[in-house]
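Q: Next up is a structure, given as structure tokens.
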Amino acid sequence: MANLTNQMDCVAGATPWRLQANSWQDVGNIDTASFTVDTNGNPTAVADCDSVPFDPTVNARTTTDLTETSSGLDFELNIPETGLLNADGNAQSHVKRAVVALPAGVTINPSSAEGLGVCTPIDYANETLDSRPGAGCPNRSKIGTVDVETPLLQEHLTGSLYLAEQDDPSTPQHGVENPFDSLLALYMVIKNPKRGVIVKLAGKVEPDQKDGRITTTFDDLPQLPFSKFTLHFREGARASLVSPQACGTYITQADFVPWSAADPDNPTSAEIAHAPSQFKVTRGVGGGPCPSGGIPPFKPGLIAGTINNAAGRFSPFNARLTRNDGEQQFTNFSIKLPPGLSGKLAGVPYCPDSAIEVAKAKTGTEELANPSCPAASEVGHTLVGAGVGSIQTYVPGKVYLAGPYNGSSLSVIAITSAVAGPFDLGTVVIRQALRVNPETGEVFIDPTGSDPLPHIIKGIPTKLRDIRVYVDRPEFTINPSSCKPTSTASTVLGSGLDFSSPLDDEPVTVSTRFQAADCAALPFKPKLTLSLKGGTRRGAHPALKAFLRMNGIGEAGIARAQVTLPRSEFIENAHFDTICTRAQFKLLGGNGEACPAGSIYGFARAKTPLLDEPLEGPIFLRSSEHELPDVVASLRGQQIDVHLIGRVDSVKGQLRNTFETVPDAPVDWASFNFKGAKKGLFVNSTNLCRKPNRAEVSFDGQNGKAYDYRPAVKVKCKAKHKKQAKHKRAAR
Amino acid sequence: MGTRARAAAGAVALALCLTGAALAATIQSEGLRITALAQLKPYKLPRHTPAPIAVFLAGHLQSPSGGIPPQLRALKIEVNRRGLLQSKGLAVCRIPEIQPATTSRALSQCADALIGSGQFWGNIVLPDQGAYRTQGRLLIFNGKAGKKPLILAHIFTSHPFNSSFVIPFAMKRISKGPYGTELSASLPQALGDWGYLDRIKLTLRRKYTYRGRHLSYFNAACPAPGKAKRASFALAYAEFDFAGQRPLGLTVPKTCGVRE
Numbered sequence: 008m009a010n011l012t013n014q015m016d017c018v019a020g021a022t023p024w025r026l027q028a029n030s031w032q033d034v035g036n037i038d039t040a041s042f043t044v045d046t047n048g049n050p051t052a053v054a055d056c057d058s059v060p061f062d063p064t065v066n067a068r069t070t071t072d073l074t075e076t077s078s079g080l081d082f083e084l085n086i087p088e089t090g091l092l093n094a095d096g097n098a099q100s101h102v103k104r105a106v107v108a109l110p111a112g113v114t115i116n117p118s119s120a121e122g123l124g125v126c127t128p129i130d131y132a133n134e135t136l137d138s139r140p141g142a143g144c145p146n147r148s149k150i151g152t153v154d155v156e157t158p159l160l161q162e163h164l165t166g167s168l169y170l171a172e173q174d175d176p177s178t179p180q181h182g183v184e185n186p187f188d189s190l191l192a193l194y195m196v197i198k199n200p201k202r203g204v205i206v207k208l209a210g211k212v213e214p215d216q217k218d219g220r221i222t223t224t225f226d227d228l229p230q231l232p233f234s235k236f237t238l239h240f241r242e243g244a245r246a247s248l249v250s251p252q253a254c255g256t257y258i259t260q261a262d263f264v265p266w267s268a269a270d271p272d273n274p275t276s277a278e279i280a281h282a283p284s285q286f287k288v289t290r291g292v293g294g295g296p297c298p299s300g301g302i303p304p305f306k307p308g309l310i311a312g313t314i315n316n317a318a319g320r321f322s323p324f325n326a327r328l329t330r331n332d333g334e335q336q337f338t339n340f341s342i343k344l345p346p347g348l349s350g351k352l353a354g355v356p357y358c359p360d361s362a363i364e365v366a367k368a369k370t371g372t373e374e375l376a377n378p379s380c381p382a383a384s385e386v387g388h389t390l391v392g393a394g395v396g397s398i399q400t401y402v403p404g405k406v407y408l409a410g411p412y413n414g415s416s417l418s419v420i421a422i423t424s425a426v427a428g429p430f431d432l433g434t435v436v437i438r439q440a441l442r443v444n445p446e447t448g449e450v451f452i453d454p455t456g457s458d459p460l461p462h463i464i465k466g467i468p469t470k471l472r473d474i475r476v477y478v479d480r481p482e483f484t485i486n487p488s489s490c491k492p493t494s495t496a497s498t499v500l501g502s503g504l505d506f507s508s509p510l511d512d513e514p515v516t517v518s519t520r521f522q523a524a525d526c527a528a529l530p531f532k533p534k535l536t537l538s539l540k541g542g543t544r545r546g547a548h549p550a551l552k553a554f555l556r557m558n559g560i561g562e563a564g565i566a567r568a569q570v571t572l573p574r575s576e577f578i579e580n581a582h583f584d585t586i587c588t589r590a591q592f593k594l595l596g597g598n599g600e601a602c603p604a605g606s607i608y609g610f611a612r613a614k615t616p617l618l619d620e621p622l623e624g625p626i627f628l629r630s631s632e633h634e635l636p637d638v639v640a641s642l643r644g645q646q647i648d649v650h651l652i653g654r655v656d657s658v659k660g661q662l663r664n665t666f667e668t669v670p671d672a673p674v675d676w677a678s679f680n681f682k683g684a685k686k687g688l689f690v691n692s693t694n695l696c697r698k699p700n701r702a703e704v705s706f707d708g709q710n711g712k713a714y715d716y717r718p719a720v721k722v723k724c725k726a727k728h729k730k731q732a733k734h735k736r737a738a739r
Numbered sequence: 014m015g016t017r018a019r020a021a022a023g024a025v026a027l028a029l030c031l032t033g034a035a036l037a038a039t040i041q042s043e044g045l046r047i048t049a050l051a052q053l054k055p056y057k058l059p060r061h062t063p064a065p066i067a068v069f070l071a072g073h074l075q076s077p078s079g080g081i082p083p084q085l086r087a088l089k090i091e092v093n094r095r096g097l098l099q100s101k102g103l104a105v106c107r108i109p110e111i112q113p114a115t116t117s118r119a120l121s122q123c124a125d126a127l128i129g130s131g132q133f134w135g136n137i138v139l140p141d142q143g144a145y146r147t148q149g150r151l152l153i154f155n156g157k158a159g160k161k162p163l164i165l166a167h168i169f170t171s172h173p174f175n176s177s178f179v180i181p182f183a184m185k186r187i188s189k190g191p192y193g194t195e196l197s198a199s200l201p202q203a204l205g206d207w208g209y210l211d212r213i214k215l216t217l218r219r220k221y222t223y224r225g226r227h228l229s230y231f232n233a234a235c236p237a238p239g240k241a242k243r244a245s246f247a248l249a250y251a252e253f254d255f256a257g258q259r260p261l262g263l264t265v266p267k268t269c270g271v272r273e
């Protein structure tokens, strides 16, 4: 066996041999001589690099054969040593550069972030031959071990793999955080203090921005011979990697550039040694059967409800959306709140759009330290769990009320600082269009108008598993005043087979039961005053005014309202002008903006304590599926619209209007004014002053209570007043 | 309708059935069929001097396809010159007295001016809304607007809600031709844009006493030529103006015998 091997870099030219000598005669004076030619005058430069063999082989596999599970990685690089051990043979070339691309599906595990540390450049510099473990790179940054077998030494060389500090884009200098100014980088420190050997290497890790596939590059490796290099990424719940989502055979591509290449920095493809290695994933999550292939299952879970379910009372509302490992990723979700569960928007300012844009540009740390949206607009917070297995990394966020978005007049915005362990992936800003069904008052997040959840951030698949939303602003969320069993429902869009493609996304609807309690404790006594203003004689067309007064929060809402007008009132056919069709009503925002002016027969206003401003808008006659057109009060506001739809019929010839469905919301007051005179829909069939004209009013409360009565319709009878005044004068 | 009026209407109908003299005039055009039927009682009438009569009228608008016939917008009826509408001395009803009003209220207000009664059927067709049937009572009153005589048709229905209409028929003398009186009405003004009348059944009959003389609102003579004992003649010509269609005219034939 030869004791020495030549260097293998033919490009470097004649590398001088240096001899230092110290004579006994002149101790202390060391002479140095360099030789670039041998005794025969031949240059000392190496040649015939192209005849240097280079046959690396690789064995790489995840530490688990389960699908979508936290996993380490065992990576083994073998270089034949026969040439090295044979005096007449050629040793294998040393490795100049190693590029290892893990198979698609093996990605960085978000679960690994929690508790993980980083090795700063200073820490890395402090890794010396005799530094103790942790004195250089902290133990928390250690993510793997290294073992090197070299024929030069009897014992193995061992070392550690550390996670380098993430680049901070705000620092202008190159390499302040890591040599590659990258999100991810590794430091490999191999040392043997006994032998005085220390090898320190920095490797660049590049996750694919689209699918998270990881490629690691170590360049300018030292020209040292080794026969086996073993790298082990630690396994366990917080392992660095996640195994693929489906069973199958996966191939790791490893490319090695030899120092013997004609130009090691720019090797030809023929000079690069390709050493693929395959491993198999053979079992499903938790050791279960393999997924059948194709689109993974998707069975998300939903738990939602208010902390205190007392009817008509304020209470925080929490919702939690979960999914299991091996299932499709969350792409988007809507939540439809139980009917009557609403929020008090009054007094809550919007987070301005400008602030939202600022939040998007911030790092997570900056956002945590200095939230972009004003605190006054905060309505709750979030906690999002990402990763696989039993341990996830949770990142906090805040929920704010925001203004119009994607056609909705209201939105909520969740700003999550994606700061997990040592990583700061910036902010994740998800804005969701909040819609209110104008007929039922049901509040829901519209997935079509909402931002999708990110599947991958800077090349790291998020693997969102647990999304918790806490709407806990004091006196914001208010329970329904109905105690009927209902539900919170969520339609969750799964990512399908390929989370980077929306084409195979799959919606699944899940729901969770909700029921308010103690409805009987809520009072219910709405007071409706009816008056006919204008002409009182037969044939006159009075304006009808209805004024409703309630006690707002603390009183049950109206579920159904029915008003039967006095027998005296007919419909004036000649004034029965135009009807708004349902199609017209739906145009331009869907609240009757496109209805012809002639179809407006009155004006309505309503004040709820949930909003700052009263809702108001025209009263239309709108075509319906019933025999007669509906009376529709299109109550419009800056934030929400409400459509009260009244079915018109008659009972014993008396006109009757029934609001079969009334949104469950607290009301302070409401007024409905129907036009009179030439536009009057009603005509007196008798003189209103002859006798009291009584209406019949029937209210059903959301809490099951009923309140029926027969109020006298107020009429101003001038003649009667004159008579009374006359009597009074006479009495005086 | 009072007992006497009902009895008279019943008698007319019965007489028509027994004699089989009811000749229906039908015209069909552009997807519309109009059937009109008129009967007079008595059958025998004086040759020259108009005598009191009762008139039974029925009209039916149909769409042969079975759908709702087009909306009748205007109606003009020309009555044979031998017919005489006489209202002198008869109580007059004015629109405000019967509009709005139920049938009973209209009767109580203008009973003295009543000259006929019947029923109507129709459809209410609102845009983007399913059509629904409606029917109700029809009262005919002798009316006046200013100094001009009118015939007022009062319609009341309680379905789907209490509603009343008055259709005023203007009266005009025709100086030439076979017809001597023209009655005309515009329906949308009274019925609104949504009413589609498609059937009426009506009995017109009113005798009254004025200054000791027994008079009748409806009077006719039999226009038999020469010494003929009977005659076939055009009792009336009706012209219907429908929405979206050309006006349709229909002559209502009648036969009568000469009362010597």
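The listed protein sequences derive, respectively, from chains A and B. The first sequence runs 8 to 739 under my numbering. The second sequence runs 14 to 273 under my numbering. We put the beta carbon where it would ideally sit given N, CA and C, even for glycine.
#1: Going by beta carbon distance, what residues of the same chain come within less than 8 Å of Thr-12/A, once the five residues before and after it are set aside?
#2: Can you list, in chain order, the residues of its chain whose CB lies under 6 Å from that of Lys-401/A, leaving out five sequence neighbours each side?
#3: Determine the chain A residues that contact Ala-124/B at a beta-carbon separation under 9 Å, and present them in chain order.
#4: Using a beta-carbon distance cut-off of less than 8 Å, what residues from the region 139-151 of chain B approach chain A?
#5: Using 10 angstroms around the beta-carbon of Ser-341/A, count the other beta-carbons present and answer buried if the total reaches 16, otherwise exposed.
#6: Using the Cα positions of Asp-72/A and Asp-453/A, report the straight-line distance between them to the nearest angstrom.
#7: By how many angstroms is the C-alpha of Ile-258/A removed from the C-alpha of Ser-78/A?
#8: Please work out which residues of its chain come closer than 8 Å, Cβ to Cβ, to Ser-199/B, disregarding the five sequence neighbours upstream and downstream, and give them in chain order.
#9: State the Cα-Cα distance for the pair Leu-238/A and Gly-433/A, rounded to the nearest angstrom.
#10: So, helix, strand or coil for His-548/A, using DSSP?
#11: Taking the alpha carbon of Leu-228/B as the point to measure from, which residue in Leu-248/B, Ile-66/B, Ala-114/B has its own alpha carbon closest?
#12: Beta carbon of Thr-152/A, beta carbon of Pro-345/A: below 8 Å?
#13: Given a cut-off of 8 Å on the beta-carbon distance, is the pair Pro-173/B and Asp-637/A in contact?
#14: List the residues that DSSP assigns as beta-bridge partners of Val-218/A.
#15: Please list, in chain order, the chain A residues whose beta carbon lies closer than 8 Å to that of Ala-166/B.
#16: Span of the beta strand (DSSP E) holding Ala-120/A?
#17: What does a CB cutoff of less than 7 Å around Arg-643/A pick up in its chain, not counting 5 residues either side in sequence?
#18: Any beta-carbon of chain B closer than 8 Å to the one on Ser-641/A?
#19: Looking at the structure shown, is Pro-454/A part of a helix, part of a strand, or coil, going by DSSP?
#20: Based on Cα-Cα distance, which residue from Glu-195/B, Ser-176/B, Phe-246/B lies nearest to Thr-115/B?
#21: Which one or two residues does DSSP pair with Val-365/A in a beta bridge?
#22: Examine chain A for any beta-carbon lying closer than 8 Å to the beta-carbon of Ala-34/B, and answer yes or no.
#23: With contact counted as at least three CB pairs below 8 Å, one residue from each stretch, are the region 211-229 of chain A and the region 461-470 of chain A in contact?
#24: For chain B, find out if any of its Cβ atoms is closer than 8 Å to the Cβ of Arg-589/A; answer yes or no.
#25: Taking 8 Å as the threshold, find out whether the region 573-589 of chain A comes into contact with the region 687-706 of chain A through three or more Cβ pairs.
#26: Decide yes or no for the touch test of the region 701-717 of chain A against the region 517-536 of chain A: beta carbon pairs closer than 8 Å, at least 3 of them.
#27: Going by beta-carbon coordinates alone, are Leu-58/B and Ala-64/B separated by less than 8 Å?
#28: Which residues mark the beginning and the end of the alpha helix (DSSP H) in which Phe-592/A is found?
#29: According to the Cβ coordinates, are Gly-131/B and Thr-216/B closer than 8 Å?
#30: Comparing the C-beta of Asp-656/A with each C-beta of chain B, is any distance below 8 Å?
#31: What are the boundary residues of the alpha helix (DSSP H) that includes Ala-282/A?
#32: Does Thr-634/A get closer than 8 Å to chain B when you measure Cβ to Cβ?
#33: Is there a Cβ of chain B sitting closer than 8 Å to that of Asn-598/A, yes or no?
#34: Excluding sequence positions up to five away, which residues of its chain have a Cβ less than 6 Å from the Cβ of Ser-538/A?
#35: Here's a check: name, in chain order, each residue in its chain whose Cβ is nearer than 8 Å to the Cβ of Arg-243/B, leaving out the five neighbours to either side.
#36: Is the distance from the Cβ of Ile-437/A to the Cβ of Phe-337/A below 8 Å?
A: Judging by the given coordinates:
#1: Stepping through the first sequence from its first residue, residue 12/A is reached at position 5. Correct list, in chain order: Leu-91, Ala-98, Pro-232.
#2: For the purposes of this step, residue 401/A is taken as residue 394 along the first sequence, with counting starting at 1. The amino acid occupying residue 401/A in the given sequence is Tyr; Lys does not appear at that position. Once the five neighbours on either side are set aside, the close Cβ partners of Tyr-401/A are Leu-390, Gly-392.
#3: By one-based count along the second sequence, residue 124/B stands at place 111. Within chain A, no residue comes near Ala-124/B; the closest Cβ sits about 18 Å away, beyond 9 Å.
#4: Leu-139, Pro-140, Asp-141, Gln-142, Gly-143, Tyr-145
#5: On the first sequence, residue 341/A is found 334 positions in, with the first residue counted as 1. With 16 or more Cβ atoms within 10 Å of its Cβ, Ser-341/A is classed as buried.
#6: In the first sequence, residue 72/A corresponds to position 65, counting from 1. In the first sequence, residue 453/A corresponds to position 446, counting from 1. The alpha-carbon atoms of Asp-72/A and Asp-453/A are separated by roughly 40 Å.
#7: For the purposes of this step, residue 78/A is taken as the residue at position 71 of the first sequence. For the purposes of this step, residue 258/A is taken as the residue at position 251 of the first sequence. The straight-line gap from Cα to Cα measures roughly 16 Å.
#8: One-based indexing of the second sequence puts residue 199/B at position 186. Around Ser-199/B: Arg-86, Ala-87.
#9: Taking the first residue of the first sequence as position 1, residue 238/A is located at position 231. Taking the first residue of the first sequence as position 1, residue 433/A is located at position 426. Approximately 31 Å, taken between the alpha carbons.
#10: Taking the first sequence and counting its residues from 1, one reaches residue 548/A at position 541. Here His-548/A sits in coil by DSSP.
#11: In the second sequence, the residue the question calls residue 228/B occupies position 215. Minimum Cα distance to Leu-228/B is reached at Ile-66/B.
#12: Indexing the first sequence from 1 puts residue 152/A at position 145. Indexing the first sequence from 1 puts residue 345/A at position 338. No, these two residues do not count as a Cβ contact at 8 Å.
#13: Reading the second sequence from its first residue, position 160 is the one you call residue 173/B. Reading the first sequence from its first residue, position 630 is the one you call residue 637/A. 8 Å or more divides the Cβ of Pro-173/B from the Cβ of Asp-637/A.
#14: Sequence index remark: in the first sequence, residue 218/A carries index 211 (1-based). Here residue 218/A is Asp; the residue named in the question, Val, does not match the sequence. Asp-218/A is not bridged to any residue.
#15: Position 153 of the second sequence holds residue 166/B. Correct list: empty, because the minimum Cβ distance to chain A is about 14 Å.
#16: As a first step, residue 120/A must be located in the first sequence, where it is residue number 113. Ala-120/A -> no beta strand (DSSP E), and no H or E assigned at all.
#17: Against the first sequence, residue 643/A aligns to sequence position 636. So the list reads Asn-598, Leu-622, Glu-623, Gly-624, once near-sequence residues are dropped.
#18: For the purposes of this step, residue 641/A is identified with residue 634 of the first sequence, where counting begins at 1. Not one chain B Cβ lies under 8 Å of Ser-641/A.
#19: Taking the first sequence and counting its residues from 1, one reaches residue 454/A at position 447. Three-state result, Pro-454/A: helix.
#20: By 1-based counting over the second sequence, the position of residue 115/B is 102. Taking only the C-alpha atoms, the option nearest Thr-115/B is Ser-176/B.
#21: Residue 365/A sits at position 358 when you count from the first residue of the first sequence. In the DSSP output, where bridge partners are listed per residue, Val-365/A has none listed.
#22: For the purposes of this step, residue 34/B is identified with residue 21 of the second sequence, where counting begins at 1. With a pLDDT of only 45 at Ala-34/B, under the threshold of 50, the placement of this residue in the model should not be trusted; the figure read from the coordinates follows. Judged by the 8 Å Cβ criterion, Ala-34/B is not in contact with chain A.
#23: Note that the region 211-229 of chain A touches the region 461-470 of chain A; at least 3 beta-carbon pairs, one per stretch, sit closer than 8 Å.
#24: Within the first sequence, residue 589/A is the residue found at index 582, counting from 1. By this cut-off, Arg-589/A is an interface position.
#25: The region 573-589 of chain A, when compared against the region 687-706 of chain A, does touch it at the 8 Å Cβ threshold.
#26: yes
#27: Position 45 of the second sequence, counted from the start, is the residue given in the question as residue 58/B. Position 51 of the second sequence, counted from the start, is the residue given in the question as residue 64/B. Taking 8 Å as the Cβ cut-off, Leu-58/B and Ala-64/B qualify as a contacting pair.
#28: The residue you call residue 592/A lines up with position 585 of the first sequence. First-last of the alpha helix (DSSP H) with Phe-592/A: 589-593.
#29: Along the second sequence, read from residue 1 onward, the residue named residue 131/B stands at position 118. Along the second sequence, read from residue 1 onward, the residue named residue 216/B stands at position 203. Yes.
#30: Start at 1 with the first residue of the first sequence, and residue 656/A comes out as number 649. Yes, its Cβ sits closer than 8 Å to a Cβ of chain B.
#31: What you label residue 282/A is simply residue 275 of the first sequence in a count that begins at 1. Boundaries cannot be given for Ala-282/A, as no alpha helix (DSSP H) includes it and DSSP labels it neither H nor E.
#32: If you number the first sequence from 1, residue 634/A lands on position 627. Inspection of the sequence shows that residue 634/A is occupied by Glu rather than by Thr. Closer than 8 Å to some Cβ of chain B, the Cβ of Glu-634/A qualifies, so yes.
#33: Looking up residue 598/A in the first sequence gives position 591. So, not an interface residue.
#34: On the first sequence, residue 538/A is found 531 positions in, with the first residue counted as 1. Counting only Cβ-Cβ distances below 6 Å, and skipping sequence neighbours, we find Lys-552, Lys-721.
#35: Along the second sequence, one-based indexing puts residue 243/B at 230. Excluding sequence neighbours, Arg-243/B sits near Cys-235, Ala-237, Thr-268, Cys-269, Gly-270, Val-271.
#36: In the first sequence, the residue the question calls residue 437/A occupies position 430. In the first sequence, the residue the question calls residue 337/A occupies position 330. Inclusion of Ile-437/A and Phe-337/A in the CB contact set at 8 Å is not warranted, their separation being larger than that value.
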